[in-house]
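So the structure is just underneath, and the comments pick up after that.
In the working numbering, the protein residues as written are 2 to 401.
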């Protein structure tokens, strides 16, 4: 009588798998296709550089070089697509060079195209890839017949070298591309902020001073009609119109102060920020420590007008937040402004209820965007129940 025994799972042999996985076959296809594409790229790079270099003494040499570098970019796009499909290398496409209209004319575009680092790195890639393509083609093709036991390891090693070459020579310049993306984003923020400011000014004029001036004109017209028939009534209407004029002037002053106050232009940040602090609902200590004399007459004592205006706006908005959100327990606040090397530093703190956040709808997100548009930074430290400290950092640019 025979008895069968069950084999434990951990004693069973591993399942049979294919020697070459799908990834390995893709890598082999990439290595085999290196040679024909490398020959095309090498011939193009040599002909383009030699022809453009030989004709550089003529008027057509430089434009020919610019066009050649543009076509090199297209070869680089093809190589990135091949590496993406066969090697799984994800390399971002570089930012295209703006056309002559966006570059400011033909010659600025020509100079930008000649200096294009992406195009030159692609030319270098095409030149050094020919000997490497011969090696990978030979090893991959012959290895299928005589080196197949170790071929997957050789293929993976050579494919990793190709991955490194693609990332190193065909990827965009990270710092440059990041800077371009930041500048494009900052430009959108500046445009949106300017449009919002214009809409706010238009709304304030339409709903405030303009409406009062229209009512004033109508009141003076009625007073003129009653001047002979009812002098006392006309005098009362003129007196009322006088009050409307004062209110309209006050609204215009407030509007002008919100755009760019005269005290900021005449006396600098110290006086302007003291004026803003006087309107806060809690006592505010202002300390402005900038180089030069307080009046700003000395060279370098005041930053550029744009930076000074943004600093004023930031402090004004932060003190408004103190008035609105610090809570009844707030006993005071402070404003500190100083220069640290090539940066203008601003710190606004209070001892209120805290809990402020750039995503909390307190206007801090808008301030961060406005500062970011000029390479500034906004840092918020606001523990609940302790108070709020907001530090803003702006680039220092000398006036004039």
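Glycine residues also receive a C-beta, built at the ideal position from the N, C-alpha and C atoms.
A quick note: this is a predicted structure, and the numbers were derived from the prediction, not measured.
Just the Cα atoms here: how many angstroms apart are residue i and residue j?
i	j	result
residue 1	residue 146	Nothing in the structure corresponds to residue 1, since the chain is present only between 2 and 401.
residue 99	residue 111	11 Å
residue 281	residue 354	16 Å
residue 286	residue 376	27 Å
residue 321	residue 96	41 Å
residue 344	residue 291	11 Å
residue 393	residue 380	6 Å
residue 298	residue 268	Low confidence applies here, because residue 298 scores a pLDDT of 43, under 50, leaving its location unreliable; read the following figure in that light. Spanning the two alpha carbons is a distance of roughly 9 Å.
residue 300	residue 241	Only weak support is given to the placement of residue 300: the predicted model assigns it a pLDDT of 44, under 50, and the question is left unresolved by the model.
residue 30	residue 73	23 Å
residue 1	residue 270	One cannot answer for residue 1 here, as it falls past the ends of the chain, which runs 2 to 401.
residue 369	residue 235	54 Å
residue 316	residue 248	26 Å
residue 27	residue 33	10 Å
residue 133	residue 159	9 Å
residue 274	residue 371	19 Å
residue 107	residue 123	24 Å
residue 296	residue 356	Here residue 296 scores only 45 on pLDDT, less than 50, and its place in the model is too uncertain to base an answer on.
residue 294	residue 359	Residue confidence for residue 294 is low, a pLDDT of 42 falling below 50, so the modelled location carries little weight and cannot support an answer.
residue 226	residue 243	17 Å
residue 385	residue 71	56 Å
residue 374	residue 80	36 Å
residue 265	residue 337	16 Å
residue 37	residue 364	59 Å
residue 55	residue 172	29 Å
residue 135	residue 342	55 Å
residue 170	residue 148	31 Å
residue 400	residue 64	40 Å
residue 1	residue 116	Nothing in the structure corresponds to residue 1, since the chain is present only between 2 and 401.
residue 327	residue 250	31 Å
residue 314	residue 128	55 Å
residue 382	residue 391	6 Å
residue 233	residue 219	18 Å
residue 90	residue 119	18 Å
Can you tell me which of the options puts its alpha carbon nearest to the alpha carbon of residue i?
i	options	result
residue 340	250, 305 and 68	305
residue 162	172, 144, 148 and 137	137
residue 83	164, 116 and 51	164
residue 330	312, 387 and 79	387
residue 40	76, 395, 69 and 170	76
residue 214	228, 253 and 226	253
residue 319	366, 342 and 308	366
residue 389	374, 157 and 351	351
residue 50	69, 328 and 149	69
residue 22	154, 118 and 143	154
residue 289	230, 237, 46 and 349	349
residue 67	35, 78, 121 and 44	121
residue 407	278, 35, 231 and 395	Only positions 2 to 401 of the chain appear in the structure, and residue 407 is not among them; the question remains open.
residue 347	303, 332, 395 and 114	395
residue 303	332, 272 and 325	272
residue 88	228, 44, 35 and 47	35
Can you tell me where the alpha helix (DSSP H) with residue i in it begins and where it stops?
i	result
residue 80	62-87
residue 37	23-55
residue 397	Run containing residue 397: none; DSSP gives neither H nor E here.
residue 153	152-170
residue 127	118-147
residue 372	365-373
residue 280	Run containing residue 280: none; DSSP gives neither H nor E here.
residue 267	263-268
residue 358	Residue 358 -> no alpha helix (DSSP H), and no H or E assigned at all.
residue 111	107-115
Any Cβ of chain D within less than 9 Å of the Cβ of residue i?
i	result
residue 384	Among the protein chains of the structure shown there is no chain D, as only one such chain exists.
I'd like to confirm the pairing. Which residues does DSSP put opposite residue i in its beta bridges?
i	result
residue 391	349 and 381
residue 288	337
residue 99	Its beta-bridge partners do not exist; DSSP assigns none.
residue 304	399
residue 344	341 and 396
State the start and end residues of the unbroken beta strand (DSSP E) segment that holds residue i.
i	result
residue 337	334-341
Round the Cβ separation of residue i and residue j to the nearest angstrom and send it over; I've been treating them as touching at under 8 Å.
i	j	result
residue 92	residue 168	6 Å
residue 239	residue 217	Not a contact, Cβ separation roughly 10 Å.
residue 53	residue 62	6 Å
residue 397	residue 311	Residue 397 to residue 311, Cβ: 12 Å. No contact.
residue 140	residue 25	At roughly 14 Å, the Cβ-Cβ gap does not stay under 8 Å, so residue 140 and residue 25 are not in contact.
For the ligand MG, any of its heavy atoms closer than 8 Å to the Cβ of residue i?
i	result
residue 379	Because no ligand of any kind appears in the structure shown, any question about the ligand MG cannot be addressed here.
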